[in-house]
Amino acid sequence: MTRIPTPVTRLLGTDLPVVQAGMSWASSSPALPLAVSRAGGLGVVAAGPMRLDDLARTLDDMTNGTHRPWAVNLPLYRAGADEVIELLLDRRPPVLIASQGGPRRYLQQFHDIGTTCLHVVAGTEHARKAAEAGVDGLVVVGAEAGGHPPPTMVTTQILVRAIVTAVPGTPVVASGGIADGAGLAAMLALGAGAAQFGTRFLASHEATVHPDYKAAVVRAAIDDTRTVGNGLGVIRALANDFTDRMGELEASAADIDVRRKAFQGSTLRDAALHGDVTDGKVEAGQSAGLVDAIMPAAAIVNRIVTEYREAIRTLPRVEGG
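1 is the number of the first residue of the sequence shown in this note's numbering; add one for each residue after it.
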């Protein structure tokens, strides 16, 4: 097995510094995370939209399906989060990636059962607080990311470098706008120990989203995403009729209740499960423009490694003093 050892791979026990993002519906089942973990990366189950019984079955499938490390992503704001935490404490996932809340809510309980805990952050202040609370590592999400980018819209390159400098010694996973091995090399050069790939794995055979969603990602250019939902929880999604409507309402300074109705009238579920790529929330990052094919997840991991090798091979060497 090929290995690229970094502080993050040593922390997680993976062979490669490749983390598959926890994506609602796309990895809310064992298929994608199992494939990524078996290929040497870290597969991540997205617990956000899952019912408890479905999550329990998926956790059992992960435990029985691989001896390699895997993770669960838990948005702490989701309904029934406390019940999900109890289930996870019973099933003991190797890694927990928590977001949308403070780490003190869960950290000691999971450390007590031996789970490695990463916390998602989008700014230096939150990064410092999470590190001081004792998290094992950070997932740093920049503005290019699909789904929920940081409200400050600071790019991944700047944010990763700032946080690596602010919390030296804390392992960092960089996320947002990374789709290939060159992007991985760039993030490692900035001081991160791994890169998280979301949109790239949306276009995988194992991602459990509608084929039309995957096709929309592959068709997209780098400027085909929009950020909408100001004051409502900004998302980045592929441009469509939904984002056009939201953009018009925001540009005209429409009343918040009018915008909320339009925002809540479209859902990620409609796009992911039913293939409504016209009016649904087709969440994806700017890196969609770098995705050129739907591939098996293991082949994506292998391609990232090949591209990484080529990227570092072609870097100019220092000459002289």
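Heads up, the beta-carbon is just placed ideally off N, CA and C, and yes, glycines get one too.
query: For Leu-42 versus Met-62, is the C-beta distance shorter than 8 Å?; result: no
query: For the alpha helix (DSSP H) containing Gln-109, list its first residue and its last residue.; result: 107-112
query: Pull up the CB-CB distance for Ala-21 and Phe-197, whole angstroms please, since I reckon it's below 8 Å.; result: 6 Å
query: Any idea if Ala-127 is buried or exposed, counting beta-carbon neighbours within 10 angstroms, 16 or more meaning buried?; result: buried
query: Using 10 angstroms around the beta-carbon of Glu-310, count the other beta-carbons present and answer buried if the total reaches 16, otherwise exposed.; result: exposed
query: Report the three-state DSSP secondary structure of Pro-94 (helix, strand or coil).; result: coil
query: Would you say the region 275-292 touches the region 200-217, given that touching needs at least three Cβ pairs under 8 Å?; result: yes
query: By Cβ distance below 8 Å, which residues in the same chain neighbour Pro-30 in space, the five residues on each side in sequence not counted?; result: Val-45, Thr-58, Asp-61, Met-62 and Gly-65
query: Should Ala-79 be labelled buried (16 or more other beta-carbon atoms within 10 Å of its own) or exposed?; result: exposed
query: What separation, rounded to the nearest whole angstrom, lies between the Cα atoms of Glu-83 and Ile-312?; result: 45 Å
query: Between Gly-147 and Val-154, what straight-line distance do the alpha-carbon atoms span, to the nearest angstrom?; result: 15 Å
query: Given a cut-off of 8 Å, decide if Leu-290 and Gly-137 are closer than it, judged by their beta-carbon atoms.; result: no
query: Quick check: the region 240-260 against the region 213-228, are at least 3 beta-carbon pairs closer than 8 Å?; result: yes
query: For Thr-116, which residues does DSSP report across the bridge?; result: Val-95
query: Grab the span of the alpha helix (DSSP H) containing Gly-226 for me, first residue to last.; result: At residue 226 the sequence reads Arg, which differs from the Gly that was named. Run containing Arg-226: none in the alpha helix (DSSP H); it sits in the beta strand (DSSP E), 225-228.
query: Please list the segments of the alpha helix (DSSP H) lying wholly inside the region 165-206, counting only runs of 4 or more residues, in order along the chain.; result: 181-190 and 199-202
query: Let me know the secondary structure DSSP gives Gln-100 once reduced to three states.; result: coil
query: How is Gly-41 classed by DSSP in three states: helix, strand or coil?; result: coil
query: Under the assumption that Ala-272 contacts Trp-70 (Cβ atoms under 8 Å), give the Cβ distance between them as a whole number of angstroms.; result: Incorrect: roughly 21 Å between the Cβ atoms, too far for contact.
query: Provide the residue span of the alpha helix (DSSP H) that contains Gly-247, from first to last.; result: 241-251
query: By DSSP's criteria, Trp-70 is part of a beta bridge. Which residues make up the other side?; result: Gly-43
query: Taking the DSSP output, what are the residues bridged to Gln-20?; result: Phe-197
query: Quick one: residues in its chain with C-beta nearer than 7 Å to the C-beta of Val-135, no 5 flanking neighbours on either side, listed in chain order?; result: Pro-103, Leu-107, Cys-117, Leu-118 and His-119
query: Among the candidates Ala-237, Leu-87 and Ala-131, whose CA atom is the shortest distance from the CA of Gly-169?; result: Ala-131
query: Taking only three categories from DSSP, how would you classify Glu-283?; result: strand
query: Report the three-state DSSP secondary structure of Ile-4 (helix, strand or coil).; result: coil
query: Can you tell me the Cα-Cα spacing of Pro-5 and Asp-257, whole angstroms?; result: 50 Å
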